[in-house]
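First the structure, in the form of structure tokens, and then the observations on it.
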Amino acid sequence: MDDYIDNLKQEISDLLEICDARRCNACNRYSLDGYCCFWCGHDNSQDEED
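Position one of the sequence shown corresponds to residue 13 (the working numbering), numbered consecutively onward.
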């Protein structure tokens with residue numbers, strides 16, 4: 013089951029890459045700018061203010 017979930021996460025990441033999403037500053041996976049990362053919960057919008 014873990015392999016199935018990992019495969020789905022990889023497919024989602026690939027789709028986000030196609031959609032010009034940016035990489036999360038914490039886990040380096042693709043995430044939407046200005047939102048909490050889907051993968052690790054990191055709030056990338058806070059990083060923009062630094």
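Here a beta-carbon is modelled for each residue, glycine too, at the ideal position from N, C-alpha and C.
| request: Indicate the three-state DSSP secondary structure (helix, strand or coil) for Q22 in the structure shown. | output: Translated into positions along the sequence shown, residue 22 becomes position 10. Three-state result, Q22: helix.
| From what residue to what residue does the alpha helix (DSSP H) around D40 run? | Along the sequence shown, one-based indexing puts residue 40 at 28. According to the sequence displayed, residue 40 carries Asn and not Asp. That residue, N40, is in no alpha helix (DSSP H); it is neither H nor E in DSSP.
| message | Am I right that C49 and A38 are in contact with their C-beta atoms under 8 Å? What's the rounded C-beta distance? | response | Translated into the one-based positions of the sequence shown, residue 49 becomes position 37. Translated into the one-based positions of the sequence shown, residue 38 becomes position 26. Contact holds; Cβ gap of about 6 Å.
| said: Starting from D59, trace the alpha helix (DSSP H) in both directions and tell me its first and last residue. | reply: Taking the sequence shown and counting its residues from 1, one reaches residue 59 at position 47. N56 to D59 is the span of the alpha helix (DSSP H), which, as asked, contains D59.
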